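Participant: Note that our numbering has the sequence shown beginning at 7, numbered continuously upward.
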Amino acid sequence: MRDDNDCCCVIFDLDGTLINTEAIVDEAVVSTIKTMKKSVSEREIFDAAEDCRGQRPLEASVELCEKLFLHDVVKPAELLTKCGEKLQWDGIDIPDMPGAVRLLEFLKRKKVPMALATSTSRKELEKKMKSTGRTSDDGKHRGDLLSYFDAICCGDEVAKGKPDPEIFHLAMERLGVKREDAGRCLVFEDTPHGVSAAKAAGCCCVAVPSLRREKFDMYKCADRVYHSLMDIELEDFGLPKFEDWKEVKTVEFVKEDGDASLSSQTRKYERFLKLDAFLELTGPVIRGFGRGSKMLGIPTANLDVVPLKQQIDKLAPGIYFGFAKISSGKHKSTGIHRTVMSIGYNPFFNDKRKSIEPWLLREFEEDFYDETLSVLVCAYVRAECNFTTVENLIERIRKDARVCEEALDLDLVEGLDSWKHWFDDDV
Ligand code: ADP
Ligand code: RBF
Ligand code: MG
Numbered sequence: 007m008r009d010d011n012d013c014c015c016v017i018f019d020l021d022g023t024l025i026n027t028e029a030i031v032d033e034a035v036v037s038t039i040k041t042m043k044k045s046v047s048e049r050e051i052f053d054a055a056e057d058c059r060g061q062r063p064l065e066a067s068v069e070l071c072e073k074l075f076l077h078d079v080v081k082p083a084e085l086l087t088k089c090g091e092k093l094q095w096d097g098i099d100i101p102d103m104p105g106a107v108r109l110l111e112f113l114k115r116k117k118v119p120m121a122l123a124t125s126t127s128r129k130e131l132e133k134k135m136k137s138t139g140r141t142s143d144d145g146k147h148r149g150d151l152l153s154y155f156d157a158i159c160c161g162d163e164v165a166k167g168k169p170d171p172e173i174f175h176l177a178m179e180r181l182g183v184k185r186e187d188a189g190r191c192l193v194f195e196d197t198p199h200g201v202s203a204a205k206a207a208g209c210c211c212v213a214v215p216s217l218r219r220e221k222f223d224m225y226k227c228a229d230r231v232y233h234s235l236m237d238i239e240l241e242d243f244g245l246p247k248f249e250d251w252k253e254v255k256t257v258e259f260v261k262e263d264g265d266a267s268l269s270s271q272t273r274k275y276e277r278f279l280k281l282d283a284f285l286e287l288t289g290p291v292i293r294g295f296g297r298g299s300k301m302l303g304i305p306t307a308n309l310d311v312v313p314l315k316q317q318i319d320k321l322a323p324g325i326y327f328g329f330a331k332i333s334s335g336k337h338k339s340t341g342i343h344r345t346v347m348s349i350g351y352n353p354f355f356n357d358k359r360k361s362i363e364p365w366l367l368r369e370f371e372e373d374f375y376d377e378t379l380s381v382l383v384c385a386y387v388r389a390e391c392n393f394t395t396v397e398n399l400i401e402r403i404r405k406d407a408r409v410c411e412e413a414l415d416l417d418l419v420e421g422l423d424s425w426k427h428w429f430d431d432d433v
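1. Please give the ranges of any beta strand (DSSP E) in the segment 203 to 287, keeping only runs that are unbroken, at least 3 residues long and fully inside the region.
2. Ordered along the chain, which non-local residues of its own chain (more than five positions away) have a Cβ less than 6 Å from that of F243?
3. Thinking C-beta only, is R62 closer than 7 Å to S125?
4. Does DSSP put T306 in a helix, in a strand, or in coil?
5. Is E363 close to the ligand MG? I mean its beta-carbon at under 6 Å from any heavy atom of the ligand.
6. From the DSSP output, in three-state form, read off F174 for me.
7. Give the range of the beta strand (DSSP E) segment to which W95 is assigned.
8. Where do the N-terminal and C-terminal ends of the alpha helix (DSSP H) with M434 fall, by residue?
9. Between V291 and the ligand ADP, is the CB less than 6 Å from at least one heavy atom?
10. Can you tell which of W95, P215, A188 has its C-alpha closest to the C-alpha of A204?
11. Taking the continuous beta strand (DSSP E) assigned at S333, which residues delimit it?
12. Should R368 be labelled buried (16 or more other beta-carbon atoms within 10 Å of its own) or exposed?
13. Could you tell me the distance, in whole angstroms, from the CA atom of L110 to the CA atom of Y154?
14. Taking only heavy atoms of the ligand MG into account, decide whether any of them is closer than 6 Å to the Cβ of T340.
15. Work out the CA separation of K168 and C159 for me, nearest whole Å.
16. Extract the residue ranges of the beta strand (DSSP E) inside the segment 51 to 126, only unbroken runs of 3 or more that lie entirely within it.
17. Going straight from the alpha carbon of F52 to that of G303, what length do you get?
18. If you draw a straight line from the alpha carbon of E84 to that of A66, how long is it in whole angstroms?
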């Protein structure tokens with residue numbers, strides 16, 4: 007049933023929300039400022055750069071100069087030029103944020119009007135869109151990202167940038183939404199400045215933070231905070247519900263503490279989402295944090311994230327399942343093993359580094375450190391969460407394993423045929 011409060015259109019921020027430019031920008035900013043003022047540390051620059059995200063470039067530069075007391079070495083406009091020289095975007099492959107294309111495709115198919123409200127200037131936007139193109143395997147060029155939108159609003163089209171609401175007012179006007187209906191526009195933002203702007207415009211705002219977890223307090227005024235675009239429940243906002251989650255009808259769903267979603271109140275079963283493109287991760291098994299078997303009774307054969315960074319950045323941090331095989335060393339040719347894994351920061355342990363932790367769902371007599379492990383990541387189960395007790399964490403991980411077993415027993419994951427070579431090679 008339709009409700010007057012249901013959202014009728016969606017407005018997206020670009021950088022950090024749909025495309026992953028933040029790390030590239032931070033790197034340019036840090037390396038530029040480092041050569042100008044030796045007394046500020048990389049850590050301080052990075053920290054300040056994070057807080058300035060979401061604003062138009064010049065305004066961000068002004069704030070950065072203030073925060074880092076750069077007035078004696080550089081003026082904001084000059085800092086911007088210097089960083090800009092490093093950020094030509096040509097030949098850089100800007101990745102999509104995980105889940106962005108799935109969300110855009112779905113909304114387009116459901117004919118939900120969409121606008122882009124970016125602090126980037128039109129000229130800069132065009133450069134970003136030309137940049138060598140999409141890493142996604144669908145063969146589309148990055149420029150196609152703009153084809154999803156019924157309206158595109160850039161930072162140089164407004165008098166005041168975010169956190170001012172003007173750009174969202176402009177987007178609404180171009181979508182033909184009246185000011186008094188602002189609450190029916192759903193905005194997706196990754197920065198506190200963007201969230202403030204959307205809320206000041208009266209919109210409903212979902213935040214998918216690009217800032218570190220320590221700073222999540224800054225998203226307080228968002229209507230909902232999600233770990234990634236994969237976790238959005240559109241029906242909570244009166245929009246059409248995603249149709250690609252598959253339920254595992256033998257594993258009962260139990261709502262976690264602190265789960266604010268409305269739709270989960272009626273969920274009965276656990277579920278998973280097949281990935282559009284399966285991801286192969288291969289490397290030697292390394293030593294992890296030394297707590298998997300000891301503390302949880304759940305050994306995880308960790309892979310080194312450094313050489314796999316580009317690949318895992320395509321995935322939202324979270325819990326996944328798929329298959330694993332050991333392709334060198336003593337355990338070579340022990341076959342294909344089902345595996346459930348965490349790829350992320352393990353909030354329960356508050357890890358500062360990302361880790362890749364596959365638990366192979368069978369017993370091994372001995373460990374297999376340094377042997378080559380190849381994992382095929384096929385489906386997403388859930389975001390990582392925190393738990394009040396270690397028992398709850400263990401119980402949840404065991405449940406993830408049941409989801410994996412059931413989904414594979416019942417052949418619910420489609421598309422494995424095209425990976426036949428992976429299953430046949432070397433096992
Ligand atoms: P670490 O913190 O070093 O990763 P763990 O306690 O997580 O230590 O144990 C992981 C190690 O245990 C793996 O590297 C692997 O050699 C071994 N192991 C034994 N059985 C399994 C299994 N079923 N799944 C994953 N690793 C296993
Ligand atoms: N750690 C968390 O902090 N939160 C989680 O939700 C979580 N889920 C996991 C799910 C699976 C399937 C596995 C294998 C691990 C998970 N862990 C999680 C990671 C666990 O903390 C980690 O493997 C141990 O800390 C060992 O390093
Ligand atoms: Mg481990």
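For every residue, glycine included, the Cβ atom is placed at its ideal position computed from N, Cα and C. Computed from a prediction, not measured in an experiment: that's the story for all the values here.
Facilitator: Short version:
1. 210 to 213, 251 to 258
2. C13, L192
3. yes
4. coil
5. yes
6. helix
7. Careful: W95 lies outside any beta strand (DSSP E) and carries neither H nor E.
8. Outside the displayed range of the chain (7 to 433) lies residue 434, so it cannot be described from this structure.
9. yes
10. A188
11. 324 to 334
12. exposed
13. 7 Å
14. no
15. 12 Å
16. 120 to 123
17. 38 Å
18. 13 Å
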